[in-house]
Every structure is written in C-alpha cells, then in structure tokens.
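Just below is one structure, and these are the notes that go with it.
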Amino acid sequence: MSRIRITPEFLRWHLYLPVTVLSLALLVVAWSGLDLKLADLIYHLSGDQWSLRFAWLTNGVIHEAGRSVVSLAALVLLGLWLASFLVPALRSGREGWQFVLIASLLAALAINVLKRVTHMDCPWDLLRYGGEEPYFSLFSRLPPGKDPGVCFPAGHASAGWSWLALYYWALEYRSRLRKPLLGLVLTVGFVFGFSQQLRGAHFISHDLWTLLICWTLITGVYLLFYHRPFLAELAQQVVRRFTPLKSPQRADD
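Okay, structure coming up:
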C-alpha cells in the first residue's frame with residue numbers, strides 16, 4: 547500500500563502545473579517560430595552546416611555512449627527484478643523495480659510509436675539547412691507523394707526522461723532521494739535533447755513535447771500502479787457528474 551496520499555495539492559504539483567507550464571511553453575514556441583529561429587542560429591553559428599552532427603562529444607559521447615549507458619541501466623534493473631524471484635534478500639525491492647521498468651518502457655514505447663505515426667523531418671533533412679525536404683509543422687498536412695519523416699518526438703531525449711519514473715520510485719521508497727533523482731533525470735534528458743539540437747536532429751519543440759508526454763504518462767502509470775482506489779473513486783465522480791438525474795415518477799392517481 548502506498549504511503550503517499552493523493553491530495554489536490556499533490557495533483558497540482560505533479561500533474562496540473564507541469565502539464566500547464568509545458569503546454570504554455572509549446573504555445574510560445576509555436577507562436578514565436580522559435581523552432582526555426584533557434585535551429586537557424588545553431589546552423590549559422592556552425593558555419594552554415596551541422597558541424598556537430600558527427601562530433602566526438604555530441605555524437606560519440608552524448609548520443610552513442612549515452613544510449614549505451616541507458617540501455618545498460620535498464621538491463622541492470624531488469625536483472626535485479628528477475629533476481630528478486632530467486633534471492634529472498636531482493637524481494638522487498640521487486641515492486642518498485644517493476645514499476646520503474648513498466649513506466650520507463652511505456653514512456654519510451656509511446657515516443658517510438660509517435661515517431662511512426664507523425665510526419666516531421668529532422669532539421670538536417672530540410673532544404674532550409676542543406677537537405678532535400680520542405681518544412682512542414684507538426685499539424686500540417688503533407689502533400690500527396692510526400693514521404694513522412696520519423697523525427698518527432700525526440701527519441702534520444704526520451705532515453706533520459708523515461709527515467710522520470712525514478713522520481714516516483716523515490717517518492718514511495720526513498721523520499722530523501724526524490725529531488726536529487728528528479729534533478730539528475732531532468733538534466734540528463736535536457737543534455738541529450740540539446741545535444742541533438744546541436745547535431746541538427748531535432749527542434750526544441752520536439753524535446754518539450756517529449757518531456758510532456760513522458761511526465762504525463764509516467765505520472766498516470768504511477769497513479770495506476772499505486773493508487774487504483776483513488777482512480778476508481780475519481781472515475782465514479784466523473785460518471786456521477788455527467789450522468790443525468792432521473793426525474794422522480796409520480797404515482798398514478
């Protein structure tokens with residue numbers, strides 16, 4: 547049973563506020579054209595090319611090695627979870643490890659699926675930056691014959707932010723670690739995301755959308771995993787709110 551009580555304040559800080567702030571940030575980016583403005587700046591500062599696309603730091607360390615470290619961490623966590631069925635000393639950690647695995651996997655899977663059903667190209671593919679494809683925004687309709695891109699949302703940033711599940715793990719089991727873990731995971735995701743912008747792989751909105759999706763989905767998994775009674779009560783309240791009241795029938799005279 548969870549030791550955390552779901553209150554309006556909890557929902558305000560863990561759901562309403564993050565979703566509102568990130569949604570407003572996305573509106574500002576869309577209204578201001580910041581995607582193209584920031585990509586233009588990076589491209590021009592790089593000598594009108596994506597000079598960091600194959601650089602040792604951005605590609606070799608942050609992208610390739612970073613992805614390997616994240617994969618290794620997932621394998622270690624999976625190993626601990628499997629070992630908990632065999633080693634009695636590890637059983638107490640099984641539930642928490644299972645939550646982190648499920649929540650992180652679902653977040654990464656959601657980003658991967660969205661890449662297949664959206665159409666945005668990477669900046670490095672665009673005519674504007676020396677590529678071959680015209681630019682289409684997220685909600686634009688592609689003309690007939692145009693092959694969809696597979697660059698939205700930001701896959702590498704999600705490799706960091708899918709571990710936001712560690713914050714909720716700490717909230718349940720190691721409360722003093724919740725803020726350090728939250729800061730660490732947010733930082734890793736931002737570093738992963740910004741390095742991809744420097745390489746020409748993504749726009750800033752791709753990263754913001756990815757963070758919004760990961761945080762919202764992981765929060766939902768946390769509530770489903772640890773607070774099903776709360777969700778059941780919430781569902782009942784919604785049903786009662788939108789179910790019309792029956793008029794009392796008058797008895798026949």
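The numbering of the sequence shown is our numbering, which starts it at 547 and goes up by one. From the three backbone atoms N, C-alpha and C, an ideal C-beta is built for every residue, glycine too.
Residue nearest to Cys668 within the set Leu758, Pro680 and Val659 is Pro680 (criterion: CA-CA distance). Counting only residues of its own chain and dropping the five nearest sequence neighbours on each side, Val646 has a CB closer than 7 Å to the CB of Leu623, Ala711, Leu712 and Trp715. When rounded, the separation of the alpha-carbon atoms in Gln742 and Pro634 is 43 Å.
In the three-state DSSP reduction, Leu672 falls in the strand class (E or B). Beta-carbon to beta-carbon, Thr765 and Trp707 are separated by about 12 Å, too far to satisfy the 8 Å threshold. Within the model, the alpha-carbon separation for Asp671 versus Arg722 is close to 45 Å. A straight line joining the alpha-carbon of Ser617 with that of Glu610 spans about 11 Å. Cβ atoms of Leu744 and Leu598 come within 8 Å of each other, at about 5 Å. For the pair Trp559 and Ser650, the CB atoms are not nearer than the 8 Å cut-off. Straight across, the Cα-Cα distance linking Ser592 with Phe749 is about 16 Å. Secondary structure at Glu678: coil, using DSSP grouped into helix, strand and coil. DSSP places Val622 in the uninterrupted alpha helix (DSSP H) bounded by Gly612 to Ala629. When Leu770, Leu758 and Thr553 are compared, the shortest CA-CA separation from Ala656 is found for Leu758. In the DSSP assignment, His590 falls within the alpha helix (DSSP H) that extends over Leu580 to Leu591.
When C-alpha distances from Gly746 are compared across Ala571, Ala601 and Leu688, the shortest belongs to Ala601. The alpha carbon of Ile608 has as its nearest neighbour, out of Val734, Arg787 and Ala781, the alpha carbon of Val734. Secondary structure in the region 713-779: the alpha helix (DSSP H) runs of 4 residues or longer, each lying completely within the stretch, are 724-745 and 750-772 in chain order.
Annotation for Pro554: the continuous alpha helix (DSSP H) segment containing it runs Pro554 to Leu557.
Between Leu626 and Leu636, the C-beta gap is smaller than 8 Å, which places the two residues in contact.
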